[in-house]
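Counting from 1, one number per residue, gives the positions in the sequence shown under full-length UniProt numbering.
Before any comments, here is the structure.
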Amino acid sequence: MRDVPESDADYCHRGRSVWSIGGAFAWNVGRTWMSRAGWDGILPLVIVIVPTAIRALLPRQDVPEILCVILMPLAALLWRAHAGAIEIRRICDGRLPALRQCGLAIAIILLMLFEFLATITVFSPQLLWEMWPTIVGLYAMYFLTITVTLAPTRHR
């Protein structure tokens, strides 16, 4: 079996055959994609589901809807800043480079806009079809930004 870097050993639970047939590349690509898509866990799903649940459970209640639209993205922003800094430090051997911090900030802003617009479309169905191309575009830009920001350093 090829020597696997220490950081990859935690993720690699596959046997000798994966590495011997060249599966290391496919395994790393899959693991990298999953870590970029889910670096903040299921938070994007929660941010989209909670407004829908509030609307279903408390119909015609403006205060919970307004609080949800304002507070959920802000709480998510704070959590992502914390979790993102931890992830960057893990990737960069304990350092927190300024360029990666800027990339994380841009990614968080894009994702916050995505979640804000997705929440608004839940509460304003007449905007639903007009807003989705913008919402999908914001998520695509976020995904590209976070992929570049959380890319492993070259010396690994």
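Note that beta-carbon positions come from the ideal geometry of N, C-alpha and C, so glycine has one too.
Just tell me which of the options has its CA closest to the CA of residue i.
| i | options | result |
| --- | --- | --- |
| A151 | E65, L71, R90 | R90 |
| A81 | I47, I108, I49 | I108 |
| L71 | V48, A83, L57, G84 | V48 |
| L138 | C92, M112, D93, P125 | M112 |
DSSP on residue i, reduced to helix/strand/coil?
| i | result |
| --- | --- |
| L138 | helix |
| D62 | helix |
| L150 | coil |
| R95 | coil |
I'd like to check one pair, residue j with residue i: are the Cβ atoms closer than 8 angstroms?
| i | j | result |
| --- | --- | --- |
| P64 | T119 | no |
| L104 | Y142 | no |
| A85 | L96 | yes |
| W46 | F123 | At residue 46 the sequence reads Val, which differs from the Trp that was named. No. Outside cutoff. |
| C102 | T153 | no |
Skipping 5 residues on each side, what residues in its chain have a beta carbon closer than 8 angstroms to that of residue i?
| i | result |
| --- | --- |
| D135 | Here residue 135 turns out to be Ile, not Asp, going by the sequence shown. Excluding sequence neighbours, I135 sits near F114, L117, A118, T121. |
| L43 | A76, W79, R80 |
Grab me the residues of residue i's own chain with a C-beta within less than 6 angstroms of its C-beta, minus the 5 sequence neighbours each way, in chain order.
| i | result |
| --- | --- |
| R100 | I88, T149 |
| L128 | T121 |
| P73 | M112, E115, F116 |
Apart from the five residues just before and just after residue i, which ones in its own chain have a Cβ nearer than 7 angstroms to its Cβ?
| i | result |
| --- | --- |
| A26 | Because A26 sits at a pLDDT of 46, beneath the cut-off of 50, its placement in the model cannot be relied upon, and the following sentence gives the value as read from the coordinates. The answer is none, since no qualifying residue turns up. |
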